[in-house]
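Chains as they are written, first to last, in this note's numbering: chain E, 1 to 245; chain F, 1001 to 1188; chain R, 2001 to 2188. Think of the CB as a built atom: it goes at the ideal place given N, C-alpha and C, for glycine as much as any other residue. To start, the structure itself, in structure tokens.
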Amino acid sequence: MDTSASYQVKLEVFQGPLDLLLFLIRKKKIDIHDIPIATITREYLEYLNHKERINLDREAEFLLIAALLIYIKSQMLIPREKALDDDEEDPRQILVDRLLDYQKVKAASLLLREKEEEELQKWKRTFLPALYSQDEADFMEVSLFDLAESFFTLMKRKERREIKTIKGKDFSLEEKMKEIIKTLEENSFLDFLDYFSHQDSFEEALVSFFSLLELIRSKIVIALQESHFQSIKVWLRNKVPAKKS
Amino acid sequence: MKNRLKEVIESLIFISLEPLTLEKIKSILTEFPDGEVELAIKELLENYVSNERGIQIIQSAGGYLFSTKPEHDSWIRRLLKVERKNKLSPAALETLSAIAYHQPTTLAEISALRGVDSTHTLKTLLIKKLIKIVGRKKSPGKPLIYRTSDKFLTHFGLNSIQDLPSPEELSKILEEESILEEEDKDSQ
Amino acid sequence: MKNRLKEVIESLIFISLEPLTLEKIKSILTEFPDGEVELAIKELLENYVSNERGIQIIQSAGGYLFSTKPEHDSWIRRLLKVERKNKLSPAALETLSAIAYHQPTTLAEISALRGVDSTHTLKTLLIKKLIKIVGRKKSPGKPLIYRTSDKFLTHFGLNSIQDLPSPEELSKILEEESILEEEDKDSQ
Chain E
1 MDTSASYQVK
11 LEVFQGPLDL
21 LLFLIRKKKI
31 DIHDIPIATI
41 TREYLEYLNH
51 KERINLDREA
61 EFLLIAALLI
71 YIKSQMLIPR
81 EKALDDDEED
91 PRQILVDRLL
101 DYQKVKAASL
111 LLREKEEEEL
121 QKWKRTFLPA
131 LYSQDEADFM
141 EVSLFDLAES
151 FFTLMKRKER
161 REIKTIKGKD
171 FSLEEKMKEI
181 IKTLEENSFL
191 DFLDYFSHQD
201 SFEEALVSFF
211 SLLELIRSKI
221 VIALQESHFQ
231 SIKVWLRNKV
241 PAKKS
Chain F
1001 MKNRLKEVIE
1011 SLIFISLEPL
1021 TLEKIKSILT
1031 EFPDGEVELA
1041 IKELLENYVS
1051 NERGIQIIQS
1061 AGGYLFSTKP
1071 EHDSWIRRLL
1081 KVERKNKLSP
1091 AALETLSAIA
1101 YHQPTTLAEI
1111 SALRGVDSTH
1121 TLKTLLIKKL
1131 IKIVGRKKSP
1141 GKPLIYRTSD
1151 KFLTHFGLNS
1161 IQDLPSPEEL
1171 SKILEEESIL
1181 EEEDKDSQ
Chain R
2001 MKNRLKEVIE
2011 SLIFISLEPL
2021 TLEKIKSILT
2031 EFPDGEVELA
2041 IKELLENYVS
2051 NERGIQIIQS
2061 AGGYLFSTKP
2071 EHDSWIRRLL
2081 KVERKNKLSP
2091 AALETLSAIA
2101 YHQPTTLAEI
2111 SALRGVDSTH
2121 TLKTLLIKKL
2131 IKIVGRKKSP
2141 GKPLIYRTSD
2151 KFLTHFGLNS
2161 IQDLPSPEEL
2171 SKILEEESIL
2181 EEEDKDSQ
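Encoded structure:
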């Protein structure tokens, strides 16, 4: 009989190491408060040994509990000066507590499964009758997670939007410079911040910025700021209005 | 058995997204003779007429569907209004998230971030008092500056704005497949 | 008048897409004394139980909601042309149970309880809105705190979290289940 194959299948059935332990304890009809640690450790390791290789992502936790079992076993072997008295902690206690807690979670999940099965067979309306517009229901109660998720999605979408723009369009300095001059000829000046906020992408804005710098450097345009915190305006050099004062 | 059939038909009409035609009902209830199905529908309709009920089955567009009664309309409108009161549309939620994570911020910044003009949703959020105006920016046009309000904190059970899940925490939770499917779903 | 009130309430429950709470009903029917409203609801529910109906009013997440009956499931799926609805994975159920019985709780606590890293299932549950983030723990690292949501209640047909059996009752369930489960795994 190929026992290794059957063990291999079985490990996947368990939700985790505690699930496996509980299974072994029940199978051997062991009292959870008095676990024969040597037996259970052997049984447990048997399951792990029959895995062809350990997938650390999934099975690290199985190894962790194996280590705990071996540790408890070693503690049990240490000869004690006096027999286990009441105020001395049983080395198994830490494991027993975890198993008892887990056992309840497990029981609850079985119970929820039953309830879920019945509930999934009941159908509820997800729409309003024709008299009312669906807009009236298109509102939702939002949680903190919804809020955060919404922001996260927004950033992702923005990221993609930017990637798309860069891929789809190539901006050259030369073209951008011509475009700026044309705008200036039509509108006499442009508002620096306003101009940049209307660029579709970061890349386009960057190219525009360098184009402007180039135009300023070659003295074709001039950038003027009347005072701090005021808008910077860009003019064609030959069209700068005379200062009023 | 006849009662059972009547019940099944009632549940089908209830859950159907569009007026449920006789043909459709028959095509589902293939186990039952057409005559029985027709009789069951007739009785079902009679039940609804004779009993005092808040809902009715009407015939529309060649099929049967549930509807409320016209005389209850004003109550129903009240309910729909109440239900909307503490809720947000997907667009409003998105705008709120942009403000929460980018505050203090302006309409132009929010609109740029979302890639959609957000004037309308901003107004909604102001009316719901989830955001507040805290001043004007010293930049061209002196745009209004927005922040989330105390009501925002209470609504989301936060002690302070620092308690918002951080983008890093979120990407830990959300990074991977599922989010990307929600592509460009703007409800504006 | 009393019948009229019962009718109005029926239409309100019908129109609400989520469980309609008693408080909400009262807040809409301000013209009627609370006692009358409560009585009308009681009678309405009794009508639905005593008569053979294809649809029912269920109590879910603290409110009233119309739903079809479980025994009509296969007919409805024929109409809507859908497969059986998806069940949660065993890992998701286990994680939910851990949260339900230990809430408010953190990722670290849940993982310790299950003996398995639960980051991934927690994410699934958040996306499915079965749990919610309710704040941060005032302990080192300020981890996020989780609770089950109203959708958790509706998903399992619970009226409130108190409907879950107590830990003592759980132990009893466990004893009954253990024998069955053992056979189950042996046969896998």
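Based on the DSSP output, what are the partners of Gly1063/F in its beta bridges?
To locate residue 1063/F, count along the second sequence from 1; it is residue 63. Answer is Thr1021/F and Ser1060/F.
For the 8 Å Cβ check, are there 3 or more pairs between the segment 104 to 112 of chain E and the segment 2093 to 2101 of chain R?
yes
Chain F beta carbons: is any one of them nearer than 8 Å to that of Phe2152/R?
The residue given as residue 2152/R occupies position 152 in the third sequence. No - not a single Cβ of chain F is within 8 Å of the one on Phe2152/R.
For Ala223/E, go through chain F and note every residue whose CB falls closer than 9 Å to its CB, in chain order.
As a working note, residue 223/E is residue 223 in the first sequence. Per Cβ cutoff of 9 Å: no residues; Ala223/E is ~14 Å from chain F at best.
Could you check whether the Cβ of Val105/E sits closer than 8 Å to any Cβ belonging to chain R?
As a position in the first sequence, residue 105/E is number 105, starting the count at 1. Yes, because at least one Cβ of chain R sits closer than 8 Å to the Cβ of Val105/E.
Contact defined as beta carbons within less than 8 Å: I believe Thr1105/F pairs with Tyr1048/F. What is the distance between those atoms, to the nearest angstrom?
By 1-based counting over the second sequence, the position of residue 1105/F is 105. By 1-based counting over the second sequence, the position of residue 1048/F is 48. With 8 Å as the limit, Thr1105/F and Tyr1048/F do not qualify as a contact, their Cβ atoms being about 54 Å apart.
Could you compute how far the alpha carbon of Ile2013/R sits from the alpha carbon of Leu2065/R?
The count along the third sequence starts at 1 and reaches residue 2013/R at position 13. The count along the third sequence starts at 1 and reaches residue 2065/R at position 65. If I take the Cα positions, the gap works out to 6 Å.
Can you confirm whether Phe2014/R, when its beta carbon is compared against all beta carbons of chain F, has any partner nearer than 8 Å?
Translated into the one-based positions of the third sequence, residue 2014/R becomes position 14. Yes - at least one Cβ of chain F is within 8 Å of the one on Phe2014/R.
Between Thr1148/F and chain R, is the shortest Cβ-Cβ distance under 8 Å, so that the two count as touching?
In the second sequence, the residue the question calls residue 1148/F occupies position 148. No, Thr1148/F does not count as interfacial toward chain R.
Rounded to a whole number of angstroms, what is the C-alpha to C-alpha distance between Gly2157/R and Pro2070/R?
Position 157 of the third sequence, counting from 1, holds the residue named residue 2157/R. Position 70 of the third sequence, counting from 1, holds the residue named residue 2070/R. Taking the straight line joining both Cα atoms gives about 12 Å.
Taking the alpha carbon of Ile1009/F as the reference point, which residue from Lys1132/F, Leu1017/F, His1155/F and Ile1025/F has its own alpha carbon closest?
Looking up residue 1009/F in the second sequence gives position 9. Of the candidates Lys1132/F, Leu1017/F, His1155/F and Ile1025/F, the one whose C-alpha sits nearest the C-alpha of Ile1009/F is Ile1025/F.
Looking at the secondary structure, which residues open and close the beta strand (DSSP E) in which Thr2148/R lies?
Stepping through the third sequence from its first residue, residue 2148/R is reached at position 148. Run containing Thr2148/R: Leu2144 to Thr2148, per the beta strand (DSSP E) assignment.
Counting only Cβ pairs nearer than 8 Å, list the residues of chain R close to Pro1033/F.
Here residue 1033/F is taken as the residue at index 33 of the second sequence, counted from 1. Near Pro1033/F there are no residues of chain R at all, since even the closest Cβ is about 16 Å away, more than 8 Å.
Supposed close pair Leu1045/F, Tyr1101/F - CB separation, criterion 8 Å
Looking up residue 1045/F in the second sequence gives position 45. Looking up residue 1101/F in the second sequence gives position 101. Actually they do not touch by this definition, with Cβ atoms about 55 Å apart.
Is the beta carbon of Val96/E sitting closer than 8 Å to the one on Ser2097/R?
Sequence index remark: in the first sequence, residue 96/E carries index 96 (1-based). Sequence index remark: in the third sequence, residue 2097/R carries index 97 (1-based). No, Cβ-Cβ distance for Val96/E and Ser2097/R is not below 8 Å.
Would you tell me roughly how many angstroms separate the C-alpha atoms of Arg26/E and Ser2171/R, rounded to the nearest one?
The count along the first sequence starts at 1 and reaches residue 26/E at position 26. The count along the third sequence starts at 1 and reaches residue 2171/R at position 171. Taking the straight line joining both Cα atoms gives about 14 Å.
For chain C, find out if any of its Cβ atoms is closer than 8 Å to the Cβ of Leu2045/R; answer yes or no.
Among the protein chains in the structure shown, which are E, F and R, there is no chain C.
On the CB-based measure, 16 or more other CB atoms within 10 Å of its CB, does Gly1062/F come out buried or exposed?
Counted from its first residue, the second sequence places residue 1062/F at position 62. By the neighbour-count rule (16 or more Cβ atoms within 10 Å), Gly1062/F is not buried but exposed.
Compare the C-beta of Ile1055/F with all C-beta atoms of chain R and state if any pair is closer than 8 Å.
Locating residue 1055/F in the second sequence gives position 55, where the first residue counts as 1. Yes - at least one Cβ of chain R is within 8 Å of the one on Ile1055/F.
Counting contacts by CB-CB distance shorter than 8 Å, is Thr2068/R in contact with chain F?
Locating residue 2068/R in the third sequence gives position 68, where the first residue counts as 1. It does; some Cβ of chain F falls within 8 Å.
Quick one: Cα of Glu2043/R to Cα of Val2037/R, how far?
Sequence index remark: in the third sequence, residue 2043/R carries index 43 (1-based). Sequence index remark: in the third sequence, residue 2037/R carries index 37 (1-based). Rounded to whole angstroms, Glu2043/R to Val2037/R spans 10 Å at the Cα level.
Spell out a yes or no on whether the segment 131 to 148 of chain E and the segment 2126 to 2133 of chain R are touching, meaning 3 or more CB-CB pairs, one atom from each, closer than 8 Å.
yes
Could you tell me the boundaries of the alpha helix (DSSP H) in which Ile78/E lies?
For the purposes of this step, residue 78/E is identified with residue 78 of the first sequence, where counting begins at 1. Element bounds for Ile78/E: n/a, residue is neither H nor E.
Is Glu61/E closer than 8 Å to Gly16/E when the C-beta atoms are compared?
In the first sequence, residue 16/E corresponds to position 16, counting from 1. In the first sequence, residue 61/E corresponds to position 61, counting from 1. Yes, Cβ-Cβ distance for Gly16/E and Glu61/E is below 8 Å.
Look at Leu120/E and Lys2128/R and say whether their C-beta atoms are less than 8 Å apart.
Walking along the first sequence from the start, residue 120/E turns up at place 120. Walking along the third sequence from the start, residue 2128/R turns up at place 128. No, the pair does not count as a contact, with Cβ atoms beyond the cut-off.
Where Ser109/E meets chain R, residues with beta-carbon distance less than 8 Å:
On the first sequence, position 109 is the one that residue 109/E refers to. Within chain R, the residues near Ser109/E are Pro2090, Leu2093, Glu2094, Leu2096 and Ser2097.
Which residue marks the beginning of the alpha helix (DSSP H) containing Gly2035/R, and which one marks its end?
Taking the first residue of the third sequence as position 1, residue 2035/R is located at position 35. Asp2034 to Ser2050 is the extent of the alpha helix (DSSP H) around Gly2035/R.
Please work out which residues of its chain come closer than 6 Å, Cβ to Cβ, to Asp1117/F, disregarding the five sequence neighbours upstream and downstream, and give them in chain order.
Position 117 of the second sequence, counted from the first residue, corresponds to residue 1117/F. Within the same chain, Asp1117/F has close Cβ partners Ser1111.
Taking 8 Å as the cut-off, decide whether the C-beta atoms of Ala223/E and Val207/E are in contact.
The residue labelled residue 223/E in the question sits at position 223 within the first sequence. The residue labelled residue 207/E in the question sits at position 207 within the first sequence. No, the Cβ-Cβ distance between Ala223/E and Val207/E is not below 8 Å.
Establish whether the CB of Leu1130/F and some CB of chain E are separated by less than 8 Å.
For the purposes of this step, residue 1130/F is taken as the residue at position 130 of the second sequence. Not one chain E Cβ lies under 8 Å of Leu1130/F.
Check whether Leu173/E and Phe210/E have beta carbons under 8 Å apart:
Numbered from 1 along the first sequence, position 173 holds the residue referred to as residue 173/E. Numbered from 1 along the first sequence, position 210 holds the residue referred to as residue 210/E. Contact flag set, yes.
Selection from Ser2011/R, Ala2108/R, Gly2115/R and Leu2080/R that minimises the alpha carbon distance to Ser1011/F:
Taking the second sequence and counting its residues from 1, one reaches residue 1011/F at position 11. Comparing Cα-Cα distances from Ser1011/F to each of Ser2011/R, Ala2108/R, Gly2115/R and Leu2080/R, the minimum goes to Leu2080/R.
Own chain, CB closer than 8 Å to Glu43/E, minus 5 neighbours either side, in chain order
Taking the first residue of the first sequence as 1, we reach residue 43/E at position 43. Correct list, in chain order: Leu24 and Lys28.
Contact belief for Arg1053/F with Glu2007/R at Cβ below 8 Å, rounded distance in angstroms:
Locating residue 1053/F in the second sequence gives position 53, counting from the first residue. Locating residue 2007/R in the third sequence gives position 7, counting from the first residue. With 8 Å as the limit, Arg1053/F and Glu2007/R qualify as a contact, their Cβ atoms being about 7 Å apart.
The alpha helix (DSSP H) spanning Asp138/E covers which residue range?
In the first sequence, residue 138/E corresponds to position 138, counting from 1. Element bounds for Asp138/E: n/a, residue is neither H nor E.
Run the CB neighbour count on Gln103/E, radius 10 Å, all protein chains shown included, and call it buried at 16 or more, exposed below.
For this step, residue 103/E is matched to residue 103 along the first sequence. Buried: at least 16 other Cβ atoms inside 10 Å.
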